[in-house]
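So that you can map any letter, position 24 of the sequence shown is 23 in numbering that gives the first Met the number 0, and since no number is skipped, the others follow by simple counting. I have placed the structure first, in the form of structure tokens, so that the comments after it can refer back to it.
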Amino acid sequence: MRSVETYLVYAVTALVLHPVTARPQNSIQSSTVKDEIPTYPTRYDSIDVDLILSNDRIMRRYIECILNKGPCTREGLELKRIIPDAIRTECAKCNPSQKKHVGKVLSYLFHNRKNYWDDLLAKFDPDKSLREKYGFT
Numbered sequence: 000m001r002s003v004e005t006y007l008v009y010a011v012t013a014l015v016l017h018p019v020t021a022r023p024q025n026s027i028q029s030s031t032v033k034d035e036i037p038t039y040p041t042r043y044d045s046i047d048v049d050l051i052l053s054n055d056r057i058m059r060r061y062i063e064c065i066l067n068k069g070p071c072t073r074e075g076l077e078l079k080r081i082i083p084d085a086i087r088t089e090c091a092k093c094n095p096s097q098k099k100h101v102g103k104v105l106s107y108l109f110h111n112r113k114n115y116w117d118d119l120l121a122k123f124d125p126d127k128s129l130r131e132k133y134g135f136t
């Protein structure tokens, strides 16, 4: 069973550490197969997530942007737009590389940046329904 950590990591990583996965809705790539779900852009799939995670200044700026506590870069704004969709769809539009990045980011936040983790949970799971759904309390 997947945990809330996994799904929030997908969403938060897409926003916090993987800003390139976010794009305005009208520019999401279309699938070639009619029944496939559109996917997020792949241009940032090779991003060095470890470098971002190890840079306190960059991490803080993305988190503050996502939490509406600070200014946003263009990428930060895109992340803010995509996170709710990624959470709602359980990252259905993420490719394997993006899911790996999201998992790494969420795991890092959970284990090493509890304050950021708690702030993100408060914003994206205020009623604690995701935590309850996935047995993560």
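Every residue, glycine too, gets a C-beta built ideally from N, C-alpha and C. As the structure is a prediction and not an experimental result, all values here were calculated from the model.
*Please classify Tyr61: does DSSP put it in a helix, a strand, or coil?*
helix
*Helix, strand or coil: which one does DSSP assign to Asn94?*
coil
*asked:* Tell me the DSSP secondary structure of Ser45 in three-state form.
replied: coil
*asked:* Looking at chain B, is there any beta carbon in it that lies within less than 8 Å of the beta carbon of Tyr133?
replied: Looking for chain B here will not work: only one protein chain is present.
*Please confirm if the region 96-103 is in contact with the region 53-70, defined as three or more CB-CB distances below 8 Å between the two stretches.*
no
*asked:* Does the structure place the region 77-90 close enough to the region 121-135 that three or more beta carbon pairs sit under 8 Å?
replied: yes
*asked:* Excluding the 5 residues flanking Ile36 on each side, which residues of the same chain have their C-beta closer than 6 Å to its C-beta?
replied: Ala91, Lys92
*What's the gap between the Cα of Ser128 and the Cα of Arg42?*
33 Å
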